[in-house]
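A quick write-up on the structure given underneath.
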Ligand code: TTP
Ligand code: MG
Ligand code: MG
């Protein structure tokens, strides 16, 4: 059955909310994240508005680097409570665009069932196959964007395609900051629709790193493998059409199982369903130490605090968890995560404490480097 999938992602989300709350920031570079402390701050950038991106600032960059690039920017702390509230309001609006129940196919009216999936505070997928037409999908997207702008005074970008992969890349390319925005046929208001017969033409000229799953490392290995065949690839950026020159077998030999997925993605194939009737979110906290450290007392007392805070939030919100993830960033910004999925969901804070500490201990045993940041995240239900 042919699907129609919509992906929606808010533009420079945290920073756009800050602009909305403080109209005097308009037109100025705004960076949301850790305190730069005059260039000595140790956290990272959460996000920044597009004016700040022109200076080269981006998410996850050390805040000290951001300060170096643009000391005159407006630096703001992360006001997560506010962003979460706004996120909930936006998700409420999005949810309304799915019919509550759809007659089954045998009843002959519509196909598919209403499905949507929230994938972060500022993005979601909607399976809108029930509309049965890309024209109707476009109308829905226009209405949705308009309602969010009117009610929340925030802009977003929407991508529509035959699966999640294409919808996501389409949204990425339709972003106001995207260089390709005008060449892909995206509408100036941030909407790009890729119909099944346009997928090939859309994907082939894109950079391989536009495919989810290809970061700089994988990209490099693919580039090396191609340059062994022809000098043509030596210095040129590698496009998805180049990636298609590698057979499935070659990709698997090069990259393992990911190779198989990439072979399909390069061809626009993605069977991942839009899932989750239940909305899976996560609660997470992290802490950057003032100085990189290996002192177990400092590390574990901070970690205890984090565990307690998350335990309390679970208790207050009546939520259950099943997957626990510990994040550890070492000197030099090398970041690793370790996760544990429990047999069943629980809200037992003792289990949280025991499992989280086990994971952190593993980090300490495996890696002798100084620790810069620790964090803990639980997936909640
Ligand atoms: P994104 O949607 O990735 O980015 P964005 O909304 O800021 O900008 P864009 O227009 O490119 O979509 O992330 C959503 C929010 O999540 C972002 O506003 C801040 C937060 N975030 C972090 O805190 N750290 C990160 O590394 C990233 C990528 C996002
Ligand atoms: Mg966004
Ligand atoms: Mg996002």
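Residue numbers (the numbering used here): 1 to 381.
Glycine included, every Cβ here is placed at the ideal spot set by N, Cα and C.
Regarding residue 10 and ligand 2, is the C-beta to nearest heavy atom distance less than 7 angstroms?
Indexing the chain shown from 1 puts residue 10 at position 10. Checking every heavy atom of ligand 2 against the Cβ of residue 10, one is found closer than 7 angstroms.
Label residue 236 either buried or exposed according to how many other C-beta atoms from any shown protein chain fall within 10 Å of its C-beta, with 16 as the threshold for buried.
Position 236 of the chain shown, counted from the first residue, corresponds to residue 236. It counts as exposed.
Quick check on residue 340: does DSSP put it in helix, strand or coil?
Here residue 340 corresponds to residue number 340 of the chain shown, with the count starting at 1. Three-state DSSP puts residue 340 in a strand.
Measure from the alpha carbon of residue 55 to the alpha carbon of each residue in 316, 40, 78, 31, then state which is nearest.
Start at 1 with the first residue of the chain shown, and residue 55 comes out as number 55. When only C-alpha atoms are compared, the closest one is 31.
Cβ shell of residue 196 (< 6 angstroms), same chain only, five flanking positions each side left out
Along the chain shown, read from residue 1 onward, the residue named residue 196 stands at position 196. Correct list, in chain order: 162.
Closer than 8 angstroms to chain B by CB, residue 193
The structure shown contains no chain B; it holds only a single protein chain.
Among 258, 153, 137, which residue has its Cα nearest to the Cα of residue 160?
Residue 160 sits at position 160 when you count from the first residue of the chain shown. Minimum Cα distance to residue 160 is reached at 137.
Counting along the chain, where does the alpha helix (DSSP H) carrying residue 354 start and finish?
Within the chain shown, the letter at position 354 stands for residue 354. Residues 349 to 366.
Can the beta-carbon of residue 51 be found less than 8 angstroms from the beta-carbon of residue 29?
For the purposes of this step, residue 51 is taken as residue 51 along the chain shown, with counting starting at 1. For the purposes of this step, residue 29 is taken as residue 29 along the chain shown, with counting starting at 1. Contact: yes.
Locate the beta strand (DSSP E) running through residue 281, then write down its first and last residues.
Here residue 281 refers to the residue found at position 281 of the chain shown. Residue 281 -> beta strand (DSSP E) spans 281 to 293.
Identified DSSP bridge partners for residue 7:
Position 7 of the chain shown, counted from the start, is the residue given in the question as residue 7. DSSP lists 125, 159 as partners of residue 7.
Is the beta carbon of residue 7 closer than 8 angstroms to that of residue 146?
Within the chain shown, the letter at position 146 stands for residue 146. Within the chain shown, the letter at position 7 stands for residue 7. It is not a contact, given that the beta carbons lie outside the stated cut-off.
Residue 252 versus residue 226: straight-line alpha-carbon distance, rounded:
For the purposes of this step, residue 252 is taken as the residue at position 252 of the chain shown. For the purposes of this step, residue 226 is taken as the residue at position 226 of the chain shown. One C-alpha to the other measures close to 14 angstroms.
Relative to the alpha-carbon of residue 210, which residue among 193, 180, 229, 191 has its alpha-carbon at the smallest distance?
If you number the chain shown from 1, residue 210 lands on position 210. Out of 193, 180, 229, 191, the CA that lies nearest to the CA of residue 210 is found in 180.
Meets three-Cβ-pair contact criterion under 8 angstroms: the segment 352 to 365 and the segment 318 to 330
yes
Could you tell me the distance, in whole angstroms, from the CA atom of residue 382 to the CA atom of residue 187?
This structure does not reach residue 382, given that the chain is present from 1 up to 381, and the question cannot be answered.
Pick helix, strand or coil for residue 275, following the three-state DSSP scheme.
Residue mapping note: residue 275 aligns to position 275 of the chain shown, counting from 1. Coil, per DSSP.
Based on DSSP bridge pairs, tell me the residues matched to residue 378.
As a working note, residue 378 is residue 378 in the chain shown. The partner list for residue 378 (beta bridge, DSSP) reads 283, 324.
Can you tell me whether DSSP reads residue 62 as helix, strand or coil?
For the purposes of this step, residue 62 is taken as the residue at position 62 of the chain shown. Here residue 62 sits in strand by DSSP.
Distance, residue 344 Cα to residue 306 Cα
Here residue 306 refers to the residue found at position 306 when the chain shown is read from its first residue. Here residue 344 refers to the residue found at position 344 when the chain shown is read from its first residue. A straight line joining the alpha-carbon of residue 306 with that of residue 344 spans about 23 angstroms.
Proximity to residue 257 [Cα-Cα], best of 213, 275, 240:
Start at 1 with the first residue of the chain shown, and residue 257 comes out as number 257. Just measuring C-alpha positions, the residue of 213, 275, 240 sitting nearest residue 257 is 213.
Residue burial classification, residue 248 (beta-carbon count within 10 angstroms, cutoff 16)
The sequence position of residue 248 within the chain shown is 248, counting from 1. It counts as exposed.
Straight-line gap, residue 342 to residue 313 (C-alpha atoms, nearest Å):
Mapped onto the chain shown, residue 342 falls at position 342. Mapped onto the chain shown, residue 313 falls at position 313. So the two alpha carbons sit approximately 19 angstroms from each other.
Per DSSP, which residues does residue 76 bridge with? Please list them.
Position 76 of the chain shown holds residue 76. According to DSSP, which records beta bridges pairwise, residue 76 is partnered with 32.
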